[in-house]
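**Student:** My questions all concern the structure below.
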Amino acid sequence: MNVNQLLKQLVLAELEKAVDLYLNKKNLTSLKDSLKIRIEYSRDEKFGDYSSPFALENKNVLNLNPKEIAEAVLLEIKNDSMFEFVSFSPPGFINFRIHTNFLNQYVASVMSPHVQFAETLNKEKILLEFVSANPTGPMNIVSARSAAYGDALANLLASLGHSVKREFYVNDYGNQVYLLGVAVLLRIFESKGETISFQEEESEESVIDLINRRILPKESYRGEYIKDIAFHCLEDQTRSSFVFDSVANEKWDEVIDFLSRFAVEYNLARQKEDLALFGVNFDLFFSERSLHDAGDVERVPSILKKEDVTTIDGKLHFLSTIYGDDKDRVIRREDGRPTYLMADIAYHYNKFQRGFDTLIDIWGPDHYGYIARLKGAVKSFGKTEESFRVLIAQQVNLIENKEKVKMSKRLGIFQTMRDLLSYLGKQGRDVGRYFFLMRSSDAPLDFDLDLAKDESDKNPVFYIQYAHARICSIFRELQVPMEFKPLESGISLEFLKQEERTRLLFWVARLQEEVYDTASSFEPHRLTNYLQSLSKSFTKFYSQKDNRIKDKVGNERDTLLLLVLYTKLALESGLKLLGISAPEKMSKEET
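Under the working numbering, the residues of the sequence shown are numbered 860 to 1450, in order.
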């Protein structure tokens, strides 16, 4: 399906045609490029399905008042068979109501024999990197939001015809991983009956000195999950022997490196399990360590523009201020160790080297300041600004009994992704994904645990799923197969005079453009809003006694069956793109 075939685009094309006719009549074609012509949804359905502020936005260009402009355009479009009516409303809007006959033909063409989505004209190879949670502990709630957002976005971008790969970047190298190994070592000592303590104030003591005194460094990890890692490490006799032999011989670097790697593998395995429970699958888990081992990180200065790199006070700097950063950034320390930025530059260069046209990263809320420096690096090694995009998954506040749940990974006081799914029960995957997606990702989210736990249709995801299940129950009750094709000509127009029926048909017709707009704007919450509106339209239709299909016969029965079948397909398709199930049976489907 071509993007120009979207219903909104068809309306826009008719408006542009009418404007051209008006300009030609008035010899004003030279003004065409100065005009702003756009279509939006009507803010009030009583005025129509679509609206355009054309008359208001172009009054200065055409040197006429909005009413005069609208009347001139309406004169050129009033007999268009696509519309039931076209009207003007103050202060300067042209309103369009789509004719039922046109809606009928449009819906039949895009929903049968299967649901079609509009594909973009410029298809790309996209690498979407998201979650990328540090393998230093269980995945927290912000990571869960990123998982829902990234997976839904990948589905949506693929619906536009793009080739999309999902990637998880494993930060398995550096000081944080070293400190993870230190934490496991201390917990091993504790498991053997030794007493450990926790450093509360930073000191000049080295990490090894603290280990010898059985003190866990302040910046290391304290969560109870570290005890589990220590326990599982010692389960294997070979691992246990290596650890205690290394300790006996004070081979601290060797044992800490060994425990760091084991802990990363252990945590990553459980993160993968959590993601699978959430219905999120990645094409690749990319190891940061592999970049260091291959020498790619050390090669970073040679891939950046020569004039963008310089040494200041013994440290190698990337002059990111050239690209809008607030200060230049160190990429290699005085002692030769690379910074995190240097590794990130190597990683993004590697992505492009693998043949991707566009990189999209989803980051957590504390990474805003990192965007300018990495975007600058991408431009420095020769890629356009448009080829690299960063999206932010903002903070999540878990609300239980109207109070916030405290979270801190380092101290082990946090609600994990797995805990959340367990708390929400058998519907945890669907409910969790929907709640994370129903608000814009760049705004903080209050996740209402009490509402999420509610199994009535007050819960927004159940409201949509109940609508889908009710339609399935209608087909079961009437013993009609879902592949039902009642009328060669589609819906019979004589049975579409009631407002609830025509409104439902219009909401079904909006599916394709809602999906396209949602994918193009990288805003999955727009699709959740659409599905709520579609479900509300179906509920209004379903509540009318005259729409009870079991009481109908002949063409009217078949018309209503086809209408609700289209509704089912739209609900099912939208939920699938969000990674949410569309159950055919639910306990309250008949209510």
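Think of the CB as a built atom: it goes at the ideal place given N, C-alpha and C, for glycine as much as any other residue.
(1) Should proline 912 be counted as a contact of the ligand SAM given a C-beta to heavy atom distance under 7 Å?
(2) Within 10 angstroms of its Cβ, does phenylalanine 944 collect 16 or more other Cβ (buried), or is it exposed?
(3) Count the other CB atoms within 10 Å of the CB of histidine 1207; is the residue buried (16 or more) or exposed (fewer)?
(4) Can you say whether valine 1412 is buried or exposed, counting buried as having 16 or more other CB atoms within 10 angstroms of its CB?
(5) What does the alpha-carbon distance come out to for the pair phenylalanine 1397 and isoleucine 1330?
(6) Would arginine 1192 be called buried (16 or more neighbouring beta carbons within 10 Å of its own) or exposed?
(7) Helix, strand or coil for tyrosine 1032 per DSSP?
(8) Among Asn886, Leu1419 and Gly1020, which has the Cα closest to the Cα of leucine 1337?
(9) Could you work out which residue in Leu1428, Asn1034 and Leu1118 is closest to valine 1326 when comparing CA atoms only?
(10) Which residue from Glu1064, Val1043, Glu1372 and Arg1081 puts its Cα closest to that of phenylalanine 1057?
(11) Measuring CB to CB, does valine 1043 end up less than 8 Å from isoleucine 1088?
(12) Serine 1432 and leucine 1363 - do their beta-carbons sit closer together than 8 Å?
(13) Between arginine 1407 and leucine 890, what straight-line distance do the alpha-carbon atoms span, to the nearest angstrom?
(14) Whole-angstrom Cβ separation of isoleucine 898 and leucine 923, contact assumed at under 8 Å?
(15) On a Cα-Cα basis, can you pick out the residue from Lys1238, Tyr1182, Phe1144 and Ser1099 that is closest to isoleucine 1162?
(16) Just list the residues that DSSP pairs tryptophan 1222 with in beta bridges.
(17) Assuming leucine 1016 contacts isoleucine 1055 under a Cβ cut-off of 8 Å, what Cβ separation, rounded to an integer in Å, is found between them?
(18) What separation, rounded to the nearest whole angstrom, lies between the Cα atoms of aspartate 1307 and aspartate 908?
(19) May I have the straight-line CA-CA distance separating alanine 1252 from aspartate 1133, to the nearest angstrom?
(20) Measure the Cβ-Cβ separation of histidine 1384 and serine 1281 and say whether it is below 8 Å.
(21) Just to check my reading of the structure: arginine 1292 and leucine 1136 have Cβ atoms closer than 8 Å, yes? What is that Cβ distance to the nearest angstrom?
(22) Using DSSP bridges, identify the partner residues of asparagine 953.
(23) If we count the other Cβ atoms within 10 Å of its Cβ and call it buried at 16 or more, is arginine 1025 buried or exposed?
(24) In this structure, how does DSSP classify aspartate 879 when only helix, strand and coil are distinguished?
(25) Quick check: the Cα distance between lysine 1268 and proline 994, rounded to an integer number of angstroms?
(26) Can you give me the C-alpha to C-alpha distance between leucine 1296 and alanine 1302, rounded to a whole angstrom?
(27) Are at least three pairs of beta-carbons, each pair with one atom in the region 1248-1263 and one in the region 1198-1206, less than 8 Å apart?
(28) Would you list the one or two residues that DSSP bridges to isoleucine 1074?
(29) What are the start and end residues of the alpha helix (DSSP H) that includes histidine 958?
(30) Who are glutamate 1026's beta bridge partners in DSSP?
(31) Could you give the first and the last residue of the continuous alpha helix (DSSP H) run that contains isoleucine 1000?
**Tutor:** Judging by the given coordinates:
(1) Inclusion of the ligand SAM in the displayed structure is not the case, the ligand content being empty and no account of it being possible.
(2) Classification of phenylalanine 944: exposed, given that the 10 Å Cβ count is below 16.
(3) The residue in question, histidine 1207, is buried, as its Cβ has 16 or more Cβ neighbours within 10 Å.
(4) Valine 1412 comes out exposed.
(5) Their backbone Cα atoms lie some 9 Å apart in a straight line.
(6) Classification for arginine 1192: exposed.
(7) DSSP places tyrosine 1032 in the coil class of the three-state scheme, outside both helix and strand.
(8) It is Leu1419.
(9) The sequence shown places alanine at residue 1326, not valine. Here the closest residue by C-alpha is Leu1428.
(10) Just measuring C-alpha positions, the residue of Glu1064, Val1043, Glu1372 and Arg1081 sitting nearest phenylalanine 1057 is Arg1081.
(11) For valine 1043 and isoleucine 1088, yes; Cβs fall inside 8 Å.
(12) Taking the C-beta atoms as reference points, serine 1432 is found no nearer than 8 Å to leucine 1363.
(13) The straight-line gap from Cα to Cα measures roughly 54 Å.
(14) Isoleucine 898 to leucine 923, Cβ: 21 Å. No contact.
(15) Just measuring C-alpha positions, the residue of Lys1238, Tyr1182, Phe1144 and Ser1099 sitting nearest isoleucine 1162 is Lys1238.
(16) Paired residue(s): Ile1251.
(17) Contact flag wrong, Cβ pair sits at about 48 Å.
(18) The straight-line gap from Cα to Cα measures roughly 34 Å.
(19) Those two C-alpha atoms are separated by around 18 Å.
(20) It is not a contact, given that the beta carbons lie outside the stated cut-off.
(21) The C-beta distance from arginine 1292 to leucine 1136 rounds to 11 Å, too long to meet the 8 Å contact threshold.
(22) Per the sequence presented here, residue 953 reads as isoleucine, with asparagine not at that position. Looking at the DSSP assignment, isoleucine 953 forms a beta bridge with Ser911 and Phe947.
(23) By the neighbour-count rule (16 or more Cβ atoms within 10 Å), arginine 1025 is buried.
(24) Aspartate 879: helix per DSSP, three-state reduction.
(25) With a pLDDT of 49 at lysine 1268, under the threshold of 50, the predicted position of this residue should be treated as unreliable, though the coordinate-derived value follows. Taking the Cα positions, lysine 1268 is about 11 Å away from proline 994.
(26) One C-alpha to the other measures close to 11 Å.
(27) Counting Cβ pairs under 8 Å, fewer than three are found: no touch.
(28) When DSSP reads this structure, isoleucine 1074 sits in a beta bridge with Ser1056.
(29) No alpha helix (DSSP H) holds histidine 958; DSSP gives it neither H nor E.
(30) Paired residues: Glu988 and Leu1143.
(31) Unbroken alpha helix (DSSP H) run through isoleucine 1000: 1000-1018.
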